[in-house]
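Below is one structure, written out as structure tokens; the observations come after it.
2 protein chains.
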Amino acid sequence: MEVIFVTSNEGKYREVRAIGKKYGINVGWMRMEYFEPQGNDLEEIAKISAELLSEKFQSPFFIEDSGLFIDSLNGFPGPYSSYVFKTIGNEGILKLMKDVEDRSAHFLAVVAYWDGEKVHTFSGRVDGRITDEMRGCEGFGYDPIFEYEGRTFAEMGEEKNEYSHRRKAIEKLFSWLSER
Amino acid sequence: MEVIFVTSNEGKYREVRAIGKKYGINVGWMRMEYFEPQGNDLEEIAKISAELLSEKFQSPFFIEDSGLFIDSLNGFPGPYSSYVFKTIGNEGILKLMKDVEDRSAHFLAVVAYWDGEKVHTFSGRVDGRITDEMRGCEGFGYDPIFEYEGRTFAEMGEEKNEYSHRRKAIEKLFSWLSER
Numbered sequence: 001m002e003v004i005f006v007t008s009n010e011g012k013y014r015e016v017r018a019i020g021k022k023y024g025i026n027v028g029w030m031r032m033e034y035f036e037p038q039g040n041d042l043e044e045i046a047k048i049s050a051e052l053l054s055e056k057f058q059s060p061f062f063i064e065d066s067g068l069f070i071d072s073l074n075g076f077p078g079p080y081s082s083y084v085f086k087t088i089g090n091e092g093i094l095k096l097m098k099d100v101e102d103r104s105a106h107f108l109a110v111v112a113y114w115d116g117e118k119v120h121t122f123s124g125r126v127d128g129r130i131t132d133e134m135r136g137c138e139g140f141g142y143d144p145i146f147e148y149e150g151r152t153f154a155e156m157g158e159e160k161n162e163y164s165h166r167r168k169a170i171e172k173l174f175s176w177l178s179e180r
Numbered sequence: 181m182e183v184i185f186v187t188s189n190e191g192k193y194r195e196v197r198a199i200g201k202k203y204g205i206n207v208g209w210m211r212m213e214y215f216e217p218q219g220n221d222l223e224e225i226a227k228i229s230a231e232l233l234s235e236k237f238q239s240p241f242f243i244e245d246s247g248l249f250i251d252s253l254n255g256f257p258g259p260y261s262s263y264v265f266k267t268i269g270n271e272g273i274l275k276l277m278k279d280v281e282d283r284s285a286h287f288l289a290v291v292a293y294w295d296g297e298k299v300h301t302f303s304g305r306v307d308g309r310i311t312d313e314m315r316g317c318e319g320f321g322y323d324p325i326f327e328y329e330g331r332t333f334a335e336m337g338e339e340k341n342e343y344s345h346r347r348k349a350i351e352k353l354f355s356w357l358s359e360r
């Protein structure tokens with residue numbers, strides 16, 4: 001079985017292709033940017049993006065979107081995690097969280113799969129907390145400030161993939177595809 | 181002459197209607213939310229939003245989008261100013277700017293007008309700086325932390341409208357419409 005992953009991010013593609021192998025699914029790569037609407041709801045954003053993108057595709061495909069949601073900041077940076085990382089970065093998040101007691105946060109990933117007729121969404125979530133300073137050198141994005149069971153994602157290396165929100169969402173899709 | 185302003189914000193509509201009177205332009209109000217794409221470029225966002233919205237309209241209309249761009253934060257909060265205000269607010273911006281020397285910032289407004297065939301954009305900008313603390317009780321949004329020539333927009337009351345980015349963009353549109 002083959003299915004196309006539409007993403008401009010090579011790192012994401014490699015991670016997802018490796019997961020596919022476990023399920024006997026061959027993941028193809030369509031490297032492109034696509035149109036995403038503004039909004040507060042990551043699942044809704046992914047669903048609309050996939051629907052708009054489906055006008056350009058004949059065969060089934062999926063996209064993935066993810067974000068970091070910090071409780072004491074009302075969910076910020078949420079759906080705009082990528083823009084916020086590019087502008088204020090981890091330094092900005094740590095500054096915002098200075099002297100804040102409630103440091104709980106979660107990563108959320110949503111996968112939207114177009115089966116040729118309609119969109120199906122699958123989500124994965126991992127709960128953790130924001131650290132007081134950056135720790136670890138692996139991974140990317142908010143990994144150095146997101147702590148899960150005592151270590152940051154950037155301190156875990158490959159092991160992070162076992163717990164990651166993206167893996168959970170992708171595995172839900174692949175396991176659903178396998179059972180069809 | 182009549183033209184429709186599509187916005188869910190009553191305050192914006194009132195401000196714009198008053199400007200229209202000076203130009204002999206009757207501004208009608210279509211109160212609705214519309215679809216906006218994600219992106220880094222406010223003008224591009226407004227243009228695409230108006231193009232998508234034009235599928236629903238027979239007659240000419242315009243929309244307006246604006247944002248606060250802080251130099252030392254790489255333009256943050258920029259196109260996502262509204263989301264950022266709702267989540268971290270002025271307190272968050274001031275925390276991010278604590279001990280930051282370069283406090284220069286600008287407000288940018290873009291108006292996108294659909295003439296029945298294509299979209300025309302007009303922009304207005306006002307340069308100022310981010311204060312060290314909130315000052316003034318009038319206006320809304322980032323007005324209490326945006327200082328222009330010694331006073332914040334929230335300390336100016338009605339006078340703010342004389343210098344505002346929104347007024348500049350709207351006047352460009354109305355003056356262009358009057359000359360057509």
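One line per chain: the protein sequences are Y and V, in this order.
First residue of the first sequence: 1, per our numbering; consecutive thereafter.
First residue of the second sequence: 181, per our numbering; consecutive thereafter.
All C-beta atoms in this analysis are idealised placements derived from N, C-alpha and C, irrespective of residue type, glycine included.
At the level of alpha carbons, what is the spacing between residue i and residue j?
i	j	result
Glu51(Y)	Asp132(Y)	40 angstroms
Tyr163(Y)	Met156(Y)	10 angstroms
Met97(Y)	Asp65(Y)	24 angstroms
Val23(Y)	His345(V)	Residue identity differs from the one stated: residue 23(Y) is Tyr in this sequence, not Val. Their Cα atoms are separated by approximately 55 angstroms.
Val280(V)	Tyr142(Y)	22 angstroms
Arg135(Y)	Gln58(Y)	44 angstroms
Ser129(Y)	Ala109(Y)	First, the amino acid is wrong: residue 129(Y) is Arg here, not Ser. Between Arg129(Y) and Ala109(Y), the C-alpha separation is close to 17 angstroms.
Phe62(Y)	Trp356(V)	45 angstroms
Phe265(V)	Leu73(Y)	11 angstroms
Ser54(Y)	Gly11(Y)	23 angstroms
Ser8(Y)	Glu15(Y)	13 angstroms
Ser262(V)	Tyr80(Y)	12 angstroms
Cys137(Y)	Ala105(Y)	20 angstroms
Glu33(Y)	Ile205(V)	41 angstroms
Arg331(V)	Arg283(V)	15 angstroms
Asp4(Y)	Asn161(Y)	At residue 4(Y) the sequence reads Ile, which differs from the Asp that was named. Each residue's alpha carbon lies about 21 angstroms from the other.
Asn40(Y)	Tyr13(Y)	25 angstroms
Pro144(Y)	Leu222(V)	31 angstroms
Met1(Y)	Tyr293(V)	48 angstroms
Val186(V)	Glu338(V)	23 angstroms
Tyr328(V)	Gly258(V)	18 angstroms
Phe354(V)	Ser178(Y)	59 angstroms
Lys56(Y)	Phe35(Y)	12 angstroms
Ile45(Y)	Glu224(V)	19 angstroms
Arg17(Y)	Ala154(Y)	21 angstroms
Could you name the residues of chain V that residue i contacts, counting a contact when the two beta carbons are closer than 8 angstroms?
i	result
Gln58(Y)	Simply none; closest approach about 24 angstroms.
Please state whether the Cβ-Cβ distance between residue i and residue j is less than 8 angstroms.
i	j	result
Ile48(Y)	Pro37(Y)	yes
Ile170(Y)	Val119(Y)	no
Val306(V)	Phe287(V)	yes
Arg347(V)	Ile199(V)	yes
Ile88(Y)	Phe256(V)	yes
Gly116(Y)	Lys172(Y)	no
Leu248(V)	Phe326(V)	yes
Against residue i, what residues of chain Y qualify as contacts under a CB-to-CB distance less than 9 angstroms, listed in chain order?
i	result
Glu216(V)	Pro37, Gln38, Gly39
Lys192(V)	Near Lys192(V) there are no residues of chain Y at all, since even the closest Cβ is about 17 angstroms away, more than 9 angstroms.
Gly272(V)	Leu73, Phe76, Leu96
I want to verify the contact list: residues of chain Y whose CB lies under 8 angstroms from the CB of residue i, in sequence order.
i	result
Tyr343(V)	Neighbours of Tyr343(V) on chain Y: none; closest Cβ ~26 angstroms, over 8 angstroms.
Ile268(V)	Leu73, Asn74, Phe76, Leu96
Determine the chain Y residues that contact residue i at a beta-carbon separation under 7 angstroms, and present them in chain order.
i	result
Tyr260(V)	Tyr80, Tyr83
Is the Cβ of residue i closer than 8 angstroms to any Cβ of chain A?
i	result
Gly308(V)	Considering every chain present, this structure includes no chain A. Its protein chains are Y and V.
Within the region 186 to 217 of chain V, ranges of the alpha helix (DSSP H) (whole runs, at least 4 residues)
Within the region 186 to 217 of chain V, the complete alpha helix (DSSP H) runs of at least 4 residues are 190 to 202.
Are the region 17 to 34 of chain Y and the region 79 to 93 of chain Y touching by the rule of at least three beta carbon pairs closer than 8 angstroms?
With a cut-off of 8 angstroms, the region 79 to 93 of chain Y and the region 17 to 34 of chain Y do not count as touching, because too few Cβ pairs lie within range.
Length-filtered (4 minimum) alpha helix (DSSP H) runs lying within the region 86 to 111 of chain Y
With a minimum length of 4 residues, the continuous alpha helix (DSSP H) runs that stay inside the region 86 to 111 of chain Y are 89 to 96.
Curious, which full-length alpha helix (DSSP H) runs of at least 4 residues does the region 335 to 359 of chain V contain?
Whole alpha helix (DSSP H) segments, 4+ residues: 340 to 343, 345 to 359.
Just list the beta strand (DSSP E) runs in the region 110 to 147 of chain Y, keeping only unbroken ones of 3 residues or longer that don't cross its boundaries, in chain order.
Runs of the beta strand (DSSP E) inside the region 110 to 147 of chain Y: 119 to 130.
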